[in-house]
Structures are given as C-alpha cells and as structure tokens.
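Single-structure report; data block below.
Number of protein chains: 2
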Amino acid sequence: MARKTGSHSEITGPRIRAEAMKLFARHGFAAVSMRQIAAAVGLQAGALYLYTPDKEALLFDLLKDHMDGLIAAWQEKRGGESPVGALETFVRFHIRYNGERPEAVFLSYMELRNLSPENFAVIEGLRRAYETELENILKAGQAAGAFLVPDTKLATMAIIAMLTGVNTWFREGGRLSRATVEDIYWDMVRKAVSG
Amino acid sequence: MARKTGSHSEITGPRIRAEAMKLFARHGFAAVSMRQIAAAVGLQAGALYLYTPDKEALLFDLLKDHMDGLIAAWQEKRGGESPVGALETFVRFHIRYNGERPEAVFLSYMELRNLSPENFAVIEGLRRAYETELENILKAGQAAGAFLVPDTKLATMAIIAMLTGVNTWFREGGRLSRATVEDIYWDMVRKAVSG
DNA sequence: GTCTATAATCTGATAGAC
DNA sequence: GTCTATCAGATTATAGAC
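Going down the list, the sequences are from chains E and W. Numbers given in the working numbering equal positions in the first sequence, counted from 1, plus 1. Numbers given in the working numbering equal positions in the second sequence, counted from 1, plus 1.
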C-alpha cells in the first residue's frame with residue numbers, strides 16, 4: 002500500500018508541519034531528528050529540504066503561524082465593550098484559543114531558545130504585541146475606575162501566566178468542562194483586579 | 002595554568018551538577034552533550050561517568066534535589082497562622098524561593114519528559130505534594146469562611162502558575178524590586194480568593 | 001517531488017593507561 | 001581521579017538518479 006514516490010507538494014508541506022509540531026512538542030526540538038519527521042510523514046529525510054531550508058526554519062514557521070493566528074483571532078474577537086466586558090472576553094478567548102492548541106502553546110514557551118536571534122526577535126515582538134492587548138484593557142479599566150490594579154504590566158503578566166497555565170493540567174473529559182474552567186478563572190481574574 | 006590531572010572528587014561532583022544545570026537550562030537537555038558539560042567543568046567526557054551512571058541520572062539528580070529543597074524549605078517556613086496569613090506566607094515564599102533558582106525551576110517544568118517513567122513519577126509525586134500544601138491552605142480558609150473559592154484545586158493551579166510565571170519576566174535590577182513584586186502579587190492573590 | 005547515497009561531524013558510553 | 005582512544009551509531013544537509 003505504501004506510496005513510494007509521487008508529486009504531492011500541496012499536501013506534503015502542511016503534513017510536514019503538522020508532524021513536526023507533534024514531535025517537537027512531545028520530545029523537544031533538539032531531540033527530534035529530521036529522519037523522524039520524514040518517517041512520520043512517510044518520506045525520506047532528503048525530501049524535507051524541498052519544503053524547508055533547514056530544521057530551525059521549520060520550528061520558526063510553526064511558532065510564527067501560531068502567533069499570527071492568535072493575534073488575528075483576537076483582532077476578530079475584540080469589541081468596543083466596557084473594560085469589564087473586554088477583560089472577560091480576553092480571559093475566555095485566551096483559555097479557549099490556547100486550550101485548543103496545546104502543542105503550539107507549549108512550543109511557543111519552550112523552544113524559543115532554539116531560534117536564531119533574528120527569528121527570536123520576531124516571535125518575541127508578536128508575543129509582546131499580544132500582551133499589550135491585555136495591558137491596554139487593564140489600563141483603560143484602571144482609568145475608568147472599573148479596576149484597581151497597582152501595576153498594569155505586572156497584572157498583565159500575572160493574568161496571562163495564570164490563564165496559559167490551564168494547559169498544564171486541563172484534560173478533555175476530566176472533572177470539569179472547558180466552559181466551567183472559563184467561568185471559574187474569569188471569577189478569579191475579575192476579583193483580582195477589583196477594588 | 003590549566004590543571005591537567007588530579008584528584009578532586011569532593012568538589013568535582015557539585016561542579017558537574019552546577020555546570021549541567023546551567024547548560025540544560027540554557028540549551029535544553031537533549032541539545033547538551035556530555036562533552037560540553039565536561040568541557041565546562043574542565044574535564045574529559047569519560048571522567049563524568051565517575052560521578053553519574055548516565056546523562057539522564059544527572060538530570061534526575063538536579064530535579065530531585067530541587068524538589069527536595071523546595072519542600073524542605075517550605076516545611077521550615079510554614080507556621081500555624083490563620084488561613085490568610087498562611088496564604089500570604091506561601092505566596093511570598095514561592096516567589097522568593099523560585100525566584101532565586103530560575104534555572105532549576107525552568108528545568109522542573111520543561112525537561113520532565115526526558116526522565117524515565119520511574120524517575121518522572123518521583124518528581125511528579127513531589128510536585129503534587131507541594132501543590133497539596135497550597136490546596137490545604139485554601140481548603141482551610143474556605144472552611145473557615147476566610148476565602149470564597151469556587152474550586153480549591155483550580156485555584157491552586159491558577160495561583161501556582163501565576164506565581165511561577167514571575168520567573169519568565171522578572172530581571173534583577175529592573176523596574177521593580179523582588180519585595181515590591183511580592184507585595185503586588187500578594188494583593189492580587191488575596192483579592193482573587195476573597196468573597 | 002522523491003529517492004538513494006554520502007560527506008563530515010557529533011553522540012553516549014566504555015576500556016585501559018597513568 | 002582523570003585522560004586518551006575508541007566503538008557503534010546517529011546527526012544535518014547535499015548531490016545526483018529517476
């Protein structure tokens with residue numbers, strides 16, 4: 002049954018990225034060989050270089066796509082609500098979007114050190130841009146008297162760490178549904194920034 | 002000046018662990034070779050095997066020592082205070098103890114997947130025991146009416162993620178001192194679990 | 001577009017000299 | 001206690017056949 006050769010550039014590229022994502026997340030970037038990725042896709046190692054100039058570029062593409070997708074999805078979601086409404090939207094969005102992509106999120110936190118300085122700066126810039134979205138909500142709420150936050154930058158980092166941390170323990174089919182987790186986290190965040 | 006040979010078993014062991022910790026944290030366990038570790042200590046690769054049976058045992062020792070130290074330090078710190086006092090003590094302890102050991106903390110979160118199942122279970126058990134310390138504080142406070150927490154397990158995970166996240170952005174000599182960071186995080190935690 | 005073969009190098013770990 | 005030499009195999013990436 003195994004196909005030995007052929008022309009499949011349109012589906013092979015995405016399949017390589019999908020398998021690389023799985024393997025990098027499971028074993029770590031450095032621990033995964035190009036041969037392993039090729040084998041998971043059903044190729045020989047040499048064929049991978051038709052789709053990526055090298056191993057690091059493969060990682061960079063995965064991280065870049067994730068950050069672009071995250072920011073684009075947020076831009077679509079955000080509205081002109083009150084500060085409290087905007088914060089609730091952010092909290093629920095962050096838990097849900099990242100919860101659906103645990104591998105990409107894990108890579109984005111753990112494998113940045115394997116990027117070249119230039120590529121690292123690109124991902125870092127996107128991460129900062131996303132964090133600024135939350136910080137702006139907190140600043141607006143603080144100015145409007147809706148929140149009492151001693152330091153908006155610290156609150157931003159604290160909230161994002163808390164929300165992203167859901168990925169480390171949440172398991173589909175466990176004691177709580179995603180919706181319940183969202184509710185409980187929103188309750189804690191809301192109180193944490195209150196007066 | 003370079004020493005070529007000699008007998009230094011009492012200091013070589015700790016130096017190997019210290020250099021391995023630095024290198025594993027910086028580049029990742031899989032990306033660091035035994036030769037790199039040996040070079041950092043000033044040894045040849047073969048000499049490392051006088052001090053560790055293999056590379057994984059070296060990682061396990063680092064993680065085990067860190068978890069043992071964390072739990073021992075907490076046992077010494079904890080007192081018979083009120084729930085609110087106990088929570089404040091935990092928050093400040095966690096930020097300070099982990100803040101002083103960023104490399105060990107990073108390893109403890111990122112390199113667990115490189116342990117054998119048996120060694121993984123040991124570290125995981127210690128981590129859970131530590132988390133239970135916080136959960137018990139939350140449960141006691143909830144029972145005493147000092148806290149209003151919809152789910153003590155979720156609140157435990159949320160608080161620990163939030164506190165540990167300080168390590169991802171805090172830099173000595175930056176805008177805020179460690180003490181100020183502790184104050185602000187304690188303020189947020191206190192409100193998050195309040196009624 | 002994919003394969004096979006290969007270059008040049010590195011890997012973890014061991015044996016034995018000193 | 002440390003070094004040198006070595007084993008057996010893996011690594012990224014490229015060249016050229018098909």
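Beta carbons: idealized from backbone N, C-alpha and C, even for Gly.
Here DSSP, grouped into helix, strand and coil, assigns ALA74(E) to helix.
ASP184(W) sits away from ILE185(E), with the two beta carbons spaced by 8 Å or more.
For THR133(E), there are no C-beta contacts with chain W under 7 Å, since the nearest C-beta of that chain is about 14 Å from it. At a C-beta separation below 7 Å, MET158(E) has these neighbours in chain W: GLY166 and TRP170. The shortest C-alpha to C-alpha distance from THR90(E) to any of GLY70(E), GLY175(E) and LEU164(E) is the one to LEU164(E). Listed in chain order, the non-local C-beta contacts of HIS95(W) below 6 Å within the same chain comprise LEU164, local neighbours out to five positions each way being set aside. Taking 4 residues as the minimum length, the alpha helix (DSSP H) runs contained wholly in the region 81-119 of chain W are 84-100 and 103-111, in order along the chain. Around the CB of GLY146(E), fewer than 16 other CB atoms lie within 10 Å, so the residue is classed as exposed. Residues of the same chain with a CB within less than 6 Å of the CB of ALA105(E), apart from the 5 flanking positions on each side, are HIS67 in chain order. DSSP places ALA159(E) in the uninterrupted alpha helix (DSSP H) bounded by 153-165. Each residue's CA atom was taken as its position, placing SER195(E) and LYS192(W) some 7 Å apart. For ILE185(E), the closest Cβ of chain W is nearer than 8 Å. Counting other Cβ atoms within 10 Å of its Cβ, PRO118(E) stays below 16 and is therefore classed as exposed.
Comparing alpha-carbon positions, the option among SER178(E), GLN143(E), LEU127(E) and LYS78(E) lying closest to PRO84(E) turns out to be GLN143(E). Shown in chain order are the members of the region 20-42 of chain E whose Cβ falls below 9 Å from a Cβ of chain W: ARG27, HIS28, GLY29, PHE30, ALA31, ALA32 and VAL33.
By the 16-neighbour rule on beta-carbons within 10 angstroms, ARG93(E) is buried.
The Cβ-Cβ distance between ALA21(E) and LEU64(E) does not fall below 8 Å. Per DSSP, the continuous alpha helix (DSSP H) segment holding ASP188(E) begins and ends at 179-193.
Leaving aside the five residues that flank ALA87(E) on each side, the residues in its chain whose CB is nearer than 6 Å to its CB run, in chain order, ILE138.
Its chain contains PHE61, LEU64, LYS65, MET68, SER109, LEU113 and LEU116 as the residues whose beta carbon lies nearer than 8 Å to that of ILE124(E), once the 5 sequence neighbours on both sides are disregarded; these appear in chain order. At a cut-off of 8 Å between C-beta atoms, MET68(W) does not count as an interface residue with respect to chain E. Interface annotation, SER195(E): in contact with chain W, CB-CB separation under 8 Å. DSSP places GLN37(W) in the uninterrupted alpha helix (DSSP H) bounded by 35-42. Here DSSP, grouped into helix, strand and coil, assigns VAL123(W) to helix. Contacts with chain E at 8 Å (Cβ-Cβ) do not include ASP55(W).
Contact of ARG114(W) with chain E is assigned, a C-beta pair being separated by under 8 Å.
Rounded to whole angstroms, the Cβ separation of ILE38(W) and LEU51(W) is 13 Å, and the two are not in contact under 8 Å. Taking LYS154(E) as reference, the option from VAL167(E), ILE72(E) and LYS140(E) with the minimal CA-CA separation is LYS140(E). Listed along the chain, the chain E residues whose CB falls inside 8 Å of the CB of VAL182(W) are LEU155. Spatial neighbours of ASN99(W) in its own chain (CB-CB distance under 7 Å, excluding positions within 5 residues in sequence) are listed in chain order as VAL106, THR165 and ASN168.
The criterion of a C-beta distance shorter than 8 Å is satisfied by ARG97(E) and ARG179(E). Straight through space, the alpha carbons of MET158(E) and PHE171(E) are spaced by roughly 20 Å. Rounded to whole angstroms, the separation of the alpha carbons of GLU77(E) and ARG128(E) is 17 Å. Along the region 59-87 of chain W, there is no position whose C-beta sits under 8 Å from a C-beta of chain E.
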